[in-house]
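Numbering (my numbering), first residue to last: 1 to 352.
Below is one structure, written out as structure tokens; the observations come after it.
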């Protein structure tokens, strides 16, 4: 049975613009989505004993998100998720320059990415549809881009469906930046979580965390999660890639779908103590695994919880970082008349 989402006021922007939050509930699952940044504010699910907990990091108030420009908790990321080297790319023989908001690179769409925008909202069965128009030249990107994101909750979990069109050739890479802790947000680190990835290869990075362009087998490396392995088991090994990222912050290459556009498993994480299991399915070619390396205890989240290093795990389904500058990577170009469409599903279950 389809259920309507409940819409309430979440706060107001400094200019007075009203921000709303939608609450969607299906059985034991409850999700809250806000129109500020299209963020997943909370995702509650029971453990094996029926005790519910919120499994995503974030803030209780809009003021908390406005005061926290660096974590991207739960946000829709765009126009281009992840990094673009030197804040520059070429498209159709033209050069484009983006804000450099991480050293010499542009990260997550620039200084005012989609995570900091107010999205238009419309209630839909079992969820909410959010819409954003990004004008030509926004953060240096060409073309007016129209994006729709549909969040829907089912008995299985939370699904995110992305659509985008443009009136000029452009590039885009849309993802969601939720940090998961299956023990419950604020309940220690994710280092004991067992992680499995459907990836035989990954894209290593340089000192600026930009892909080198290589596709490297995971076999025999700390990046081999083809069998369930604790995230913390090898994170401290003497490995250059782990040193550069201060943990895991690499893009993993998923098996090709043959152009079918069908959901396939990218990752699964499991917390043995609670029995909660998260299965991530996607139509995207990659997943960025980020082990919360830059959380440093300076951010106070929900219920006053202090989010220290490794307090959350991001599994960002995406195209590859810096693809506009990497000819061997799958293209992120979108042209007029085309419709970008991708789906990611976060399935929740119990084990043990």
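The beta-carbon is built from N, C-alpha and C at its ideal position, and this holds for glycine as well.
Rounding to the nearest angstrom, what Cα-Cα distance links residue i and residue j in this structure?
i: residue 331; j: residue 267; result: 23 Å
i: residue 325; j: residue 35; result: 32 Å
i: residue 176; j: residue 218; result: 25 Å
i: residue 30; j: residue 24; result: 6 Å
i: residue 350; j: residue 28; result: 12 Å
i: residue 275; j: residue 309; result: 23 Å
i: residue 5; j: residue 123; result: 6 Å
i: residue 174; j: residue 106; result: 15 Å
i: residue 191; j: residue 305; result: 18 Å
i: residue 286; j: residue 98; result: 23 Å
i: residue 333; j: residue 273; result: 43 Å
i: residue 207; j: residue 113; result: 24 Å
i: residue 301; j: residue 146; result: 32 Å
i: residue 328; j: residue 92; result: 17 Å
i: residue 278; j: residue 44; result: 12 Å
i: residue 291; j: residue 260; result: 30 Å
i: residue 344; j: residue 67; result: 28 Å
i: residue 353; j: residue 109; result: The requested residue 353 is not part of the displayed model; the chain covers only 1 to 352.
i: residue 111; j: residue 178; result: 19 Å
i: residue 307; j: residue 74; result: 14 Å
i: residue 168; j: residue 336; result: 6 Å
i: residue 133; j: residue 255; result: 32 Å
i: residue 297; j: residue 188; result: 12 Å
i: residue 102; j: residue 88; result: 13 Å
i: residue 245; j: residue 293; result: 7 Å
i: residue 18; j: residue 7; result: 12 Å
i: residue 160; j: residue 280; result: 11 Å
i: residue 216; j: residue 198; result: 14 Å
i: residue 238; j: residue 212; result: 20 Å
i: residue 230; j: residue 149; result: 32 Å
i: residue 118; j: residue 50; result: 36 Å
i: residue 225; j: residue 265; result: 13 Å
Classify residue i as helix, strand or coil using the three-state DSSP reduction.
i: residue 114; result: helix
i: residue 64; result: helix
i: residue 228; result: coil
i: residue 331; result: coil
i: residue 325; result: helix
i: residue 157; result: strand
i: residue 250; result: strand
i: residue 138; result: helix
i: residue 303; result: helix
i: residue 12; result: strand
i: residue 177; result: coil
i: residue 97; result: strand
i: residue 197; result: strand
i: residue 130; result: strand
i: residue 287; result: strand
i: residue 18; result: strand
i: residue 255; result: coil
i: residue 223; result: coil
i: residue 218; result: coil
i: residue 52; result: strand
i: residue 152; result: strand
i: residue 185; result: coil
i: residue 170; result: strand
i: residue 102; result: strand
Less than 8 Å between the CB atoms is what I'm expecting for residue i and residue j, so what's the real figure, rounded?
i: residue 26; j: residue 121; result: Contact doesn't hold; Cβ gap of about 19 Å is too wide.
i: residue 284; j: residue 317; result: 4 Å
i: residue 181; j: residue 55; result: 6 Å
i: residue 247; j: residue 235; result: 5 Å
i: residue 252; j: residue 289; result: 6 Å
i: residue 271; j: residue 193; result: 6 Å
List the endpoints of the continuous beta strand (DSSP E) containing residue i.
i: residue 191; result: Per DSSP, residue 191 belongs to no beta strand (DSSP E) and is neither H nor E.
i: residue 265; result: 264 to 270
i: residue 316; result: 313 to 318
i: residue 124; result: 120 to 124
i: residue 57; result: Residue 57 -> no beta strand (DSSP E), and no H or E assigned at all.
i: residue 201; result: 201 to 203
i: residue 73; result: Here residue 73 belongs to no beta strand (DSSP E), and DSSP marks it neither H nor E.
What first and last residue would you give for the alpha helix (DSSP H) that runs through residue i?
i: residue 240; result: 240 to 245
Let me check one thing: in DSSP terms, what residues is residue i bridge-paired to?
i: residue 350; result: 276
i: residue 6; result: 23
i: residue 30; result: 25 and 44
i: residue 107; result: 83
i: residue 164; result: 147 and 340
i: residue 281; result: 265 and 345
i: residue 90; result: 95
Just checking: is the beta-carbon of residue i within a distance shorter than 8 Å of some beta-carbon in chain C?
i: residue 134; result: Here chain C cannot be found, since the structure has a single protein chain.
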